[in-house]
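A.B. asks:
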Amino acid sequence: MSTASAQRSQRGQPRTPFALSDFGKLRWLEGTWEGTSPGERTFYERIHFTSDSTVDIQYFMDPALSKQTGSGRIYLSVGRIFHSFGPARWGASHADEHGAYFVPQVSANNTFAWTYQSPDAWTATMRSGFSGQEHVTVYQMKRISGR
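Just so you know, we're using my numbering here: the sequence shown kicks off at 45 and counts up by one.
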């Protein structure tokens, strides 16, 4: 492994352990959401806390939630909060009632942040690439009523 990739893999890695109470501060994510961003395809997701330390996420391509495109999980393990999607995994370097910030760990090269706006809205900011060539996409997440 080169020195550059070793440094990159350590950047922003979580140092402070998270507790169940920290994980619980993300409960505002629970619900069914529509994600929109100019020039990007609209997507839909259902986020459900299945336990005090696990959240299941289902992704859909249609507002009827009939065409699932994937699934993911947010979970607390050994004092760390992780997000997984397929083979990729990110670790939270920050998580509280205002939002969360995730950095790549396994099979991923982007960062993302979730920022609470209101009980019915939040933003998901995705960053990929390196400084100077970074691509940023901000999704406006709006709660879908009745789901």
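Where a beta carbon is used, it is the ideal one built from N, C-alpha and C, also for glycine.
Keep in mind that this is a model prediction, so the values were computed, not measured.
Just the Cα atoms here: how many angstroms apart are S95 and F156?
C.D. replies: Translated into the one-based positions of the sequence shown, residue 95 becomes position 51. Translated into the one-based positions of the sequence shown, residue 156 becomes position 112. Cα-Cα distance, rounded: 23 Å.
A.B. asks: What is the DSSP secondary structure of D66, reduced to helix, strand or coil?
C.D. replies: Within the sequence shown, residue 66 is the residue found at index 22, counting from 1. Helix, per DSSP.
A.B. asks: Compare the Cα-Cα distances from F129 to each of R85, V99, E178 and report the closest residue.
C.D. replies: Within the sequence shown, the letter at position 85 stands for residue 129. Answer by Cα proximity: V99.
A.B. asks: Relative to the alpha-carbon of Q184, which residue among S81, S162, L109 has its alpha-carbon at the smallest distance?
C.D. replies: In the sequence shown, the residue the question calls residue 184 occupies position 140. Nearest option by C-alpha distance: S81.
A.B. asks: Is it buried or exposed, V122, if we count other Cβ atoms within 10 angstroms and call 16 or more buried?
C.D. replies: Translated into positions along the sequence shown, residue 122 becomes position 78. The residue is exposed, with fewer than 16 neighbouring Cβ atoms inside 10 Å.
A.B. asks: With a 10 Å radius around its C-beta and 16 neighbouring C-beta atoms as the bar for buried, classify T136 as buried or exposed.
C.D. replies: As a first step, residue 136 is located in the sequence shown; it is residue number 92 there, counting from the start. The identity of residue 136 in the sequence shown is Ala, whereas the question assumes Thr. Answer is buried; the Cβ neighbour count reaches 16.
A.B. asks: Could you spell out the range, first to last residue, of the beta strand (DSSP E) harbouring P107?
C.D. replies: Here residue 107 corresponds to residue number 63 of the sequence shown, with the count starting at 1. Note, P107: premise wrong, no beta strand (DSSP E); not H, not E.
A.B. asks: Cα-Cα, which of R124, P107, E78 is closest to F62?
C.D. replies: As a working note, residue 62 is residue 18 in the sequence shown. Residue R124 is the option with its Cα nearest to F62.
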